[in-house]
Amino acid sequence: MHSNLVANFDSVVKRNPGETEFHQAVKEMFDTLSDVLERHPEFARLSVVERICEPERQIIFRVPWMDDSGKVHVNRGFRVEFNSVLGPYKGGLRFHPSVTLDTVKFLGFEQIFKNALTGLPIGGGKGGSDFDPKGRSDAEIMRFCQSFMTELYRHLGEYTDVPAGDIGVGAREIGYMFGQYKRITNRYEAGVFTGKGLEWGGARVRKEATGFGVAIFTNEMLKTKGDSLVGKRVIVSGSGNVALYAIKKVHQLGGVVVACSDSAGSVFDKDGLDLELLVQMKEVERLRLSDYSAKRGGLSEYHEGLNVWELAGVASAQVALPCATQNELHEKEAKLLVANGLIAVAEGANMPSTPDAIRVFQQAKILFAPGKAANAGGVATSALEMQQNASRQSWSYEETEKRLEEIMRGIHEACVTTAEEYGAPGDYILGANVAGFERVARAMLAMGVI
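Position one of the sequence shown corresponds to residue -13 (this note's numbering), numbered consecutively onward.
So, in structure tokens, the structure goes:
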């Protein structure tokens, strides 16, 4: 590793003690940048790497709220505004008990380069809370969202910071937060949030965009080998928004998804999942995969408490799409996947594969797309939503999906050409990291030391 990167990584670890996920994200980026600094010594001379690792602003605040029984709860809210050199901070809000400053910083750091890869004018940020919406009534979620926004609103704006949804935050939560923002500011700034309902400023395809983008990117990777998703057996982790629409697009492109999961267990349908039933059970009725499996009867196997990747031996899948959460796919499962016919992996979640798992894939010459490239479709369509809000327009489903496909193919092309330029053809990790980093770094140099 270049001496500048070694020194800066040591500084990141020292200045951010205990933030292991943030350290992991920085290390994964730094591992691919040595040749960049050799070609561009000005990046080191003007401390671009050091500056890019320090958020422009970190906001932590108290979120008190009252449940339906009258009990007061106190959660913690976060917003890390990491880098705005390419545009207003852009990144989702995550509501989950596991959320810490470490979580938000690693996600925000990844978001900088993911957003840069889209070619759209958006910077990187991330936020959320350790609030758990599961099991809470609509009224409780509304009160929490209103309290959360009563503090966060002062840091937002369509030209400043534009949040979206993430784990635990969908159209319902976005609606409550946008309503409170509008109430406090007395302004209808539709562009201050993305992921809104279609009736009040949302964009078509936004709900589907991340999952669709993952499948499109996977198909583009396979095309480089003269192949496609047609006839491929696929395992998808998760069954939330990203996973559901990745499954849908895989089916549209001719693949067969045979397994997915939720926090309680995994299902395996040897002839392919029933997408219509799955969407009804998970997205409409908000039920568990055990309920889905029960409705499928003998066509589905439900495995309580089982990691979906442990089904690799029976699923015999050629493609894996980890779409659940960070560090979910480990070395042991990676080896099992490879031993059972894996040819491609595309990350639908942020950093879902551990470093050891990634090494297994790379050593086996598996096509591997990191999340910052493969799952950029969601934030890309968020930027398209901002564009529509700014021009007071609403594009058709077909128009928006066409633009999403163009953006994903553009990201794939940028990864491929950059990897080739740096002497590492087929290395999507290096291609994504370097392409995103160079765009941000050049803009930082242009704007001076800020």
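Backbone N, C-alpha and C define an ideal beta-carbon position, used for all residues, glycine too.
Item: Measure the beta-carbon distance from residue 116 to residue 85 and round it to whole angstroms, keeping in mind my assumption that it falls under 8 Å.; Value: 5 Å
Item: What do you reckon, is the C-beta of residue 267 under 7 Å from a heavy atom of the ligand COA?; Value: Among the ligands in the structure shown, none appear at all, so the ligand COA cannot be discussed.
Item: For the alpha helix (DSSP H) that contains residue 153, what are its first and last residues?; Value: First-last for residue 153: undefined, no H or E at that position.
Item: I'd like the span of the beta strand (DSSP E) that includes residue 245, first residue to last.; Value: 242 to 248
Item: Excluding five sequence neighbours on each side, which residues of the same chain lie with their C-beta closer than 6 Å to the C-beta of residue 350?; Value: 324
Item: Who are the near neighbours of residue 300 in its chain, counting only those whose CB is closer than 7 Å to its CB and skipping five residues on each side?; Value: 254
Item: Measure the alpha-carbon distance for residue 428 versus residue 178 and round it to whole angstroms.; Value: 27 Å
Item: Going by Cα to Cα distance, which pick from 304, 251 and 297 is closest to residue 275?; Value: 251
Item: Would you mind reading off the limits of the beta strand (DSSP E) that contains residue 239?; Value: It is not in any beta strand (DSSP E) - residue 239 carries neither H nor E in the DSSP assignment.
Item: Return the bridge partner residues of residue 288 from the DSSP annotation.; Value: 253
Item: Count the other C-beta atoms from every protein chain shown that fall within 10 angstroms of the C-beta of residue 385, then say buried if there are 16 or more, exposed otherwise.; Value: exposed
Item: Report yes if the CB atom of residue 333 is closer than 8 Å to the CB atom of residue 360, and no otherwise.; Value: yes
Item: Do you know how far the Cα of residue 56 is from the Cα of residue 440?; Value: Nothing can be reported for residue 440, as the shown portion of the chain is limited to -13 through 436.
Item: With distances taken between CB atoms, is the gap from residue 74 to residue 98 smaller than 8 Å?; Value: no
Item: Is the segment 23 to 37 in contact with the segment 118 to 129, if contact means three or more CB pairs nearer than 8 Å?; Value: no
Item: Where in the segment 202 to 239 do unbroken runs of the alpha helix (DSSP H), each at least 4 residues long, occur, reported from the N-terminal end onward?; Value: 227 to 238
Item: For residue 65, write down the residues that DSSP places opposite it in a beta bridge.; Value: 45 and 113
Item: Once the 5 residues before and after residue 297 are set aside, which same chain residues still bring their CB inside 8 Å of it?; Value: 221, 245, 252, 254 and 289
Item: Should residue 31 be labelled buried (16 or more other beta-carbon atoms within 10 Å of its own) or exposed?; Value: exposed
Item: Looking at the unbroken alpha helix (DSSP H) that takes in residue 321, where does it start and where does it end?; Value: 317 to 325
Item: Can you give me the Cβ contacts of residue 93 inside the same chain, cut-off strictly under 6 Å, excluding the 5 residues immediately before and after it?; Value: 112 and 336
Item: Using only the alpha-carbon positions, how far apart do residue 302 and residue 218 sit?; Value: 10 Å
Item: Quick one: using the 10 Å Cβ neighbour count with 16 as the cut-off for buried, is residue 4 buried or exposed?; Value: exposed
Item: Ignoring anything shorter than 4 residues, give me the alpha helix (DSSP H) runs that lie fully in the segment 344 to 370, in order along the chain.; Value: 357 to 360
Item: Do residue 62 and residue 45 come within 8 Å of each other at the CB atom, strictly closer than that value?; Value: no
Item: Considering only residues of the same chain and omitting the five flanking positions on each side of residue 69, which have a CB-CB separation below 6 Å?; Value: 98, 109 and 110
Item: Quick one: using the 10 Å Cβ neighbour count with 16 as the cut-off for buried, is residue 357 buried or exposed?; Value: buried
Item: Where does residue 216 land, buried or exposed, given buried means 16+ other C-beta within 10 angstroms?; Value: exposed
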